[in-house]
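Asks:
Numbering (the numbering used here), first residue to last: 117 to 266.
What follows is the structure, given as structure tokens:
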């Protein structure tokens, strides 16, 4: 069975990366970093969906691997491929999504989830398609052969 995964992202991440293509890889990071990502095997398809109210599938990439890492390491390894202009902006986004002002403290090195995607692609607006699942705020995996949500 071939699987694919739909990960929810913000438009700023998408806009930053799509404006500076091509990329060999990108870091689709998760602000919490509390759970290990196991939804895909390397080589399976990972798609990007914008947060509500947009709910559009806007691109994707090939899943390479996942890890949990401190912000400093994610920035050092991926830099602009994190979808932000600088480490301070990344820290601010992490703090915003966590609703945790402690993450803004430069003395802290918050741990995040890193999902490394190779061969990323970013569709122009005319190619986006609406996700019919609705305004899901969480990510979803599918069996690509049946189209059934898992």
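Virtual Cβ for every residue (Gly too), placed ideally from N, Cα, C.
1) Bridge partners for residue 141 per DSSP, in chain order?
2) First and last residue of the beta strand (DSSP E) that includes residue 163?
3) At what residue ranges does the region 183 to 222 contain a whole run of the alpha helix (DSSP H), taking only runs of 4 or more?
4) Using three-state DSSP, classify residue 123 as helix, strand or coil.
5) Classify residue 230: buried if its beta carbon has 16 or more other beta carbons within 10 angstroms, exposed otherwise.
6) Would you identify the three-state DSSP class for residue 149, choosing helix, strand or coil?
7) Is the region 226 to 245 close to the region 136 to 145, with three or more CB pairs under 8 Å?
8) Verify whether the separation of the beta carbon atoms of residue 173 and residue 179 is less than 8 Å.
9) Provide the residue(s) that pair with residue 227 in DSSP beta bridges, ordered along the chain.
10) Please go through the same chain and pick out, in chain order, the residues whose beta-carbon is closer than 7 Å to the beta-carbon of residue 220, but skip the five residues on each side of it.
11) Check each candidate in 195, 225, 224 and 122 and name the one with the smallest Cα separation from residue 167.
Replies: By the coordinates alone:
1) Position 25 of the chain shown, counted from the first residue, corresponds to residue 141. According to DSSP, residue 141 bridges with 234.
2) For the purposes of this step, residue 163 is taken as the residue at position 47 of the chain shown. 161 to 166 is the span of the beta strand (DSSP E), which, as asked, contains residue 163.
3) 187 to 194 and 203 to 214
4) One-based indexing of the chain shown puts residue 123 at position 7. Reduced to three states, the DSSP call for residue 123 is strand.
5) The residue given as residue 230 occupies position 114 in the chain shown. It is buried - the Cβ of residue 230 has at least 16 other Cβ atoms within 10 Å.
6) To locate residue 149, count along the chain shown from 1; it is residue 33. Looking at residue 149 - three-state DSSP - the assignment turns out to be coil, as it is neither helix nor strand.
7) Taking a contact to require three or more Cβ pairs closer than 8 Å, the region 226 to 245 and the region 136 to 145 qualify as touching.
8) One-based indexing of the chain shown puts residue 173 at position 57. One-based indexing of the chain shown puts residue 179 at position 63. Not in contact: residue 173 and residue 179 (Cβ atoms no closer than 8 Å).
9) Sequence index remark: in the chain shown, residue 227 carries index 111 (1-based). DSSP output for residue 227 lists 186 as bridge partner(s).
10) Stepping through the chain shown from its first residue, residue 220 is reached at position 104. So the list reads 207, 208 and 211, once near-sequence residues are dropped.
11) If you number the chain shown from 1, residue 167 lands on position 51. Measuring from the Cα of residue 167, the nearest candidate turns out to be 122.
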